[in-house]
Each structure stands twice: as structure tokens, then as C-alpha cells.
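Asks: Structure provided below as C-alpha cells; questions to follow.
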Amino acid sequence: MSERSASTGKALWHGRFEDGPAAELMEFTESLSFDRRLWSDDIAGSVAHVLGLAHSEIITEIEAASMIAALDRVSEEMTAGAFVFDDSDEDIHTAIERRVTELAGPTGAKLHTGRSRNDQAATGVRRWMKRELILIAQRIVDLQSVLLDRARAAGDVYLPGYTHMQRAQPVLLSHHLLAHGWALGRDVERIVDAMERIDVSPLGAGALAGSSLPLDPDFTANRLGFAARFENSMDAVGSRDHVAEALFALSMVAIDLSRIGEEFVLWTTEEFGFARLDDAYATGSSMLPQKKNPDIAELARGKAGRLIGNLTGFLATMKGLPLSYNRDYQEDKEPLFDSVDQIRRALGAVTGMIATVTWIPERMQAAADAESNAATDLAEWLVQRGTPFREAHAAVGALVRRSLAGEGSLRALVEVDPLLGADAAALVAPGVSVRRRVTSGGAGPDAVAHQIERFSAHLERLRAAVA
Ligand code: ARG
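Take the sequence shown: its letter number 451 is residue 450 in numbering that gives the first Met the number 0, and every next letter is one higher.
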């Protein structure tokens, strides 16, 4: 979009004012610098409003046609980057109305009939949110598909599962990947669920109380493709909980990506050596020639802080605001736009990183085959032969302690143990333990094969929900 023209010196609301606004006021209160990206939503809202005015016979069909022609022209100018902003344009709403009035002459002056920027701006943001959040949800589903593909391809590869970041029990790599997949599925569900509260038209609420004119908020809601209209005009212009909810849903996506990021940072270290990043999804060092850095993973981790800040900052803005509209609400847009932009980019980068990463199964499996990772299997082997679990736990724990003290390998100690013996010692052999996880939803091959089918069906449902 293009530069600003010389100011007319007056704002659209100048009626009761003798003097034009101070430069400092405009500089501090303007929102055009960030809300101009709402232009197409604002125009759509204005077209619906004009049609509503004609539908209610507040304006004539001819007046409506002339305003819609002017709005179409503004749309063309915006698309071509030829729209000229004026210094008096406070926000995208006043800029468009000013231009419509220039283009449609006296008829343009009827555009704002029965409308306030309070319901106008709230309508535009909700319309923007519907579109952008569904795009985010679709990108999450794309990431889930990559996780599913990589889970399918991982076959029997296993690695240590961790609790407290200490090796706990071996798990299939596919199981680990799908754990992230299910969490991301809930993120999609949260966005879809929030949509019900976002998808409500505030248009017709006016400044706060509706109008003396025979407006039809159902008509405009319908025209704009909203599922419902507001129930209470003060609530319509005087609430932003749907924005806070979206900021939370996006923060949760960021947190889930940050956890994947942290694991990739660890897995690509020489110490872990579980994975090697594709060159296209790694960065080098400006000084250290040998470096291959996981910057996507780190920023996926780091950006979560920023998204949480957007959420908590805006919650603080909302706190204690009396009904109904307060200018404070203009602060909804920057955190919302930023969170959406950051998550969109993060999802693209993380999806590419995971799609192209090379696993190093030897390293994963060598770590998982550490003998003590089979300790629980040994205890459960005793349980199946009648030993109460707490006693079995103590008996195996004692063997682990003796092994750590240098008395021999765990396997050797198990072999000669009167309670355990050679059959039990076989459980300590490489690759055995992971095959013993038979619980539905557990980490073993049969359970995971079943889980993969269920995840695939879940993904199809989500894909349909965000289509
Ligand atoms: N740019 C403003 C916003 O985004 C428009 C609303 C201004 N309304 C007002 N009564 N001053 O919230």
C-alpha cells in the first residue's frame, strides 16, 4: 500500500471539535499502521452493512449500488497498492470510509449510518480470525500428517523413553512421534471449539446500544457468513474474551512446538546423536566451520515465550475494563496478529524440519538397550510368577544397585539370581523390552500398530473439521 497524502487536518469525528487533533494524539492513538491488514474484512463488513441498510429501506437501492461500487473501487486500489492514505486516517475503518465518501460523493456520507467503529472494528477482527485461525489449524493438521508418515516409516525403531529426563523404558520411535501428534490434535480441537465463540457477528450493536433505525443484525450476520449475531449489544462491543481464547489456543500450539523443539535440540547433539537435520533445515555458524545448528528447533522453543507474553499482556489489558467499548480494546490486534504470524511460520519450519530429519536408529537403540531400562520388565516377570509388585521392585532394584556397584552386568546377576534366572535374563537382551509393552495405547509394536490406525482416522476427522 502506498504513502500518505497531505492531511485534511480533520478526523471523521471532528463535528463537535473546533480544532483538529494534535500530531502527538494521532501518533499515539492511530492503529492504521497495524490494522490496515484488515482492509478486506472491513470492506466485506461495509458491503454487508450497506446491503442491510437497503434491505431495511434506510437507504435506496441506488444509493446502495453507488456505495458498493465505491467499496469495490477501494478494494481494487488496495489490491493494486494504489490506495492513498491521508494523515487524518486514524485506522483502516476511517481510511476506507473517507475514500468511499470521496468516490461516491454525498451518498458515501450514508455509509456509517447506524454503525460505529466499535461494532465495525469488532466485526472485522472476528472475520479475520475465522479465516486465519482455520489456516493455522490446517497447518497443524499438515504437521500431524508428517508425524504420522514418519511414525509409519519408523517401523520397529526404538529409543529410550524418558521421565524426569532420565531413561525410563524403551519406546518405539513411532510412539514417541505420535505422542506429539495427539497433543497437536487437541490444539486443533481447541481452535475449532473456540470458533463457535468467534463466529458471532457484532454488526448492528452500534457504539454500544444498537440503533433507533430498523437495522437487521441477523441479515448482516448472514451476509457475512457468521453463524450467529450478538445477543447483547454491550457485550458485542465490550468483550474480547474470544481474542484471549485464541491467544491461549495459539500459545498452547507454541508450547507444544517448543517441546518438540527442545527434543530436537537434544537429539541432534553429539551427546545424544539420535537425529541429523537436513541441510535445508539447519544453520551454520559465522565463526565455527564445523557447526550445524538446530535454529528452527531453538526458535520454536523461544517463540513460545513471546506468544505467552501476547496472551498475558492482553489479559492484563482486559482486566477491570468497564462495559462497554474502551479504546484499550484496540490493543487486541497487535498481539493477535503477531501470535498468528509467528505460529504460521513456526508450523511451516517445524513441519519441514521433521519431514526431512534423518534418524540414527543405532544410537537410539544403543541408548535404549542399556540393561537397566529392562528393570521394570524384570519386576513384572516376577509379578507374573506370583511375587507382589513391591517385593519384585525391591529385588530388582537391589540387583541394579549391585550392578552399578561393579558386581557384574545386570544380565549376569539376573542369570544367577535364585528368583530370576536364565529365562528372566533374556528380557535384558537388546530389543526385547520394547516388544513387551502390550497395553492398549502403550509403546509396543502391536499397540502402536493399532494406535497408528486410530491416529489416522482421528486425523481424517480433524482434516474434515478444518476443511
Ligand atoms: N481503531 C479502533 C479499534 O481498533 C477503532 C475503534 C475506535 N472507536 C472509538 N470509539 N474511538 O478499536
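Built from N, CA and C at the ideal position, the CB exists for glycine as well.
#1: Would the segment 373 to 380 and the segment 424 to 442 be scored as touching if the rule is three or more Cβ pairs under 8 angstroms?
#2: Name the residue from Ala81, Ala64, Ser115 and Glu62 whose alpha carbon lies nearest to the alpha carbon of Asp41.
#3: Given this structure, state the Cα-to-Cα distance separating Ser238 from Ile58, to the nearest angstrom.
#4: Please determine whether the Cβ atom of Asp41 lies at a distance below 6 angstroms from any heavy atom of the ligand ARG.
#5: On the premise that Leu171 lies in contact with Tyr157, defined as a C-beta separation below 8 angstroms, what is that separation, rounded to the nearest angstrom?
#6: With a threshold of 6 angstroms (Cβ to nearest heavy atom), would Ala120 be considered close to the ligand ADP?
#7: Look at the alpha carbon of Ala354 and the alpha carbon of Ala243, and state the distance between them as a whole number of angstroms.
#8: Which residues in the same chain as Ser200 place their Cβ atom closer than 8 angstroms to its Cβ, once the five residues preceding and following it in sequence are excluded?
#9: Quick check: what's the CA-CA separation for Gly347 versus Leu409?
#10: Can you name, in chain order, every residue of its own chain whose Cβ lies under 7 angstroms from the Cβ of Leu214, other than the five neighbours on each side?
#11: Just curious, the alpha helix (DSSP H) that Leu146 is in, first and last residue?
#12: Answer yes or no: do Lys290 and Gly283 have a C-beta to C-beta separation smaller than 7 angstroms?
#13: Which same chain residues, not among the five before or five after Gln143, have their C-beta less than 6 angstroms away from its C-beta?
#14: Can you grab the Cα-Cα spacing for the pair Leu102 / Ala69, in whole Å?
#15: Using C-beta distances below 8 angstroms, list every residue in its chain close to Ser1, excluding the 5 sequence neighbours before and after it, in chain order.
#16: So Asp90 packs on Ser30, CB below 8 angstroms; how close in whole Å?
#17: Of the choices Arg35, Trp358 and Glu131, whose alpha-carbon is the least far from that of Phe271?
#18: Tell me the DSSP secondary structure of Arg305 in three-state form.
#19: So, is Gln168 buried or exposed, given that buried needs 16 or more other C-beta atoms within 10 angstroms?
#20: So Leu335 is in the alpha helix (DSSP H); what residue range does that whole segment cover?
Replies: Checking against the coordinates, here is how it stands:
#1: yes
#2: Ser115
#3: 30 angstroms
#4: no
#5: 5 angstroms
#6: The ligand ADP is not part of this structure, which contains only the ligand ARG.
#7: 32 angstroms
#8: Thr122, Arg125, Pro216, Thr219, Ala220, Leu223, Phe225, Ala227, Arg228 and Phe229
#9: 45 angstroms
#10: Gly51, Ser55, Gly113 and Gly203
#11: Arg116 to Ala153
#12: yes
#13: Gly180, Leu183 and Leu458
#14: 6 angstroms
#15: Confidence at Ser1 is low in this model, with a pLDDT of 43, below 50, so its placement is unreliable and no value can be given for it.
#16: 4 angstroms
#17: Trp358
#18: helix
#19: buried
#20: Lys332 to Thr355
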